[in-house]
Structures are given as C-alpha cells and as structure tokens.
Amino acid sequence: MKAATLELQDEHDLISRMLSTLDWLVVRLESGASVDDSLVMAQLEFVGNFVAGCHHRKEEELVFPIMDRRGGDEAELASRLREEHRRAEELLETLRSSWSSGDATAAARTASELASLLRDHIDVENTIAFAYVEMALTDDEKDALIAELERFNRGTRACDRARAEGLLDDVIRQISSYA
Ligand SMILES: [Fe+2]
Ligand SMILES: [Fe+2]
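Using the numbering used here, the letters of the sequence shown map in sequence onto residues 155 to 333.
And the structure:
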C-alpha cells in the first residue's frame, strides 16, 4: 500500500534527534555548567524554522484538513494537534527570552517542557493521526498529497532539509566538544 506520510515521519526522526540535544542542554544547565550561545542559537533556529516554519505548517495546511473533513475523533485529534503546535511556539518564545536574559533555570525548565511536548506529539502523529490519513486516502489522493508536500518544500525557505541537517550536525559536534 502506498504511503503519503513517509516524508513527514522521516522529518519526525530528524526532529527527535534534535530533541535529544535539548535533553542534553537541560541536564547541562541544571548542573550549573555553561553552554555556548552558538549551540542554543542553532537549536532555536532548527525549532523555529524547520519544525514550526516548515513541518508544522505542512501538517496544518495539507494533512490536518483531511482529518477535519472526516469529522468525529479525527477532527478532534486534528484540533488537539494544532493546539500543541501553538503551545510549542509559545514555549519556543519563552525559551528564546529566558536564554537571552541569562536565566538558565527558566531556560532548562522550558527546554524540558518543549522536548517532552514535541516527543509526545510526534508519537501521537506517527501512531494515530497519520494512520487515519493513510486509511482515508485513495492511492491517487496520496499521490496528490505527496506532490503538494513537495511543492510546499520547494516554495518554503524554512523547509531547507540540508540546512536543518547541518544545524543538527553542528549542535552534535559542539556537544561532543564538551565531553
Ligand atoms: Fe505536528
Ligand atoms: Fe509532525
């Protein structure tokens, strides 16, 4: 059976790897140790651009409307997932301001909440939401969705996958330099 959400699931894997680096940040800040600004800036750019500016927008514009049209539990789940995107954006802004004001305790608390929210959110999308979508669409509709996702990627700067992977590599390289 054809699948239309494979690319989004693959993006979840990339995002999850960046979330593991947020876990590292939390432990590091909670221990009272310092972290270079460039590391946190790369994490903030990844979540602000690739996650919020690309991945979440594709889901909201192209995937959740399929669930809305089916009504019932599927539409309810789509609204919950949209609300979680908004909450992630709020946490990102809180993290940005705590970090820039030098409040490491608040930054650690917010980074921990953000990583936990996005991890649970991704799990629900992979196991429930995307399964609904795959069941709802015919093969032709899946082809159309795949084409729309590709078109969105081409027209959206924040969807630059190489840039996102580069940011993750940069963060991992910086983390290993602390070891
Ligand atoms: Fe999502
Ligand atoms: Fe997602």
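Ideal Cβ placement from N, Cα and C applies to all residues, glycine included. Predicted, not measured: the structure shown is a model, and the values here were computed from it.
- Distances between the C-beta of L235 and the heavy atoms of ligand 1 include at least one below 6 Å.
- By the criterion of at least three beta-carbon pairs nearer than 8 Å, the segment 216–235 is not in contact with the segment 168–185.
- Cβ-Cβ separation between H210 and N280: approximately 15 Å, too far for a contact (criterion under 8 Å).
- By the neighbour-count definition (other C-beta atoms within 10 Å, threshold 16), L245 is a buried residue.
- For the set R273, G186 and K212, the Cα lying nearest the Cα of G309 is the one of K212.
- In this structure, E288 has its beta carbon at no less than 6 Å from each heavy atom of ligand 2.
- By the neighbour-count criterion, in which a residue is buried when 16 or more other Cβ atoms sit within 10 angstroms of its Cβ, Q197 is buried.
- Within the segment 163–236, the complete alpha helix (DSSP H) segments of 4 residues or longer fall at 191–199 and 218–224, listed in chain order.
- Taking a contact as a CB-CB distance under 8 Å, the pair A242 and L216 does not count as one, their CB atoms being some 18 Å apart.
- Exclusion of the five residues before and after A157 leaves E288 and K296 as the residues of its chain whose Cβ lies within less than 8 Å of its Cβ.
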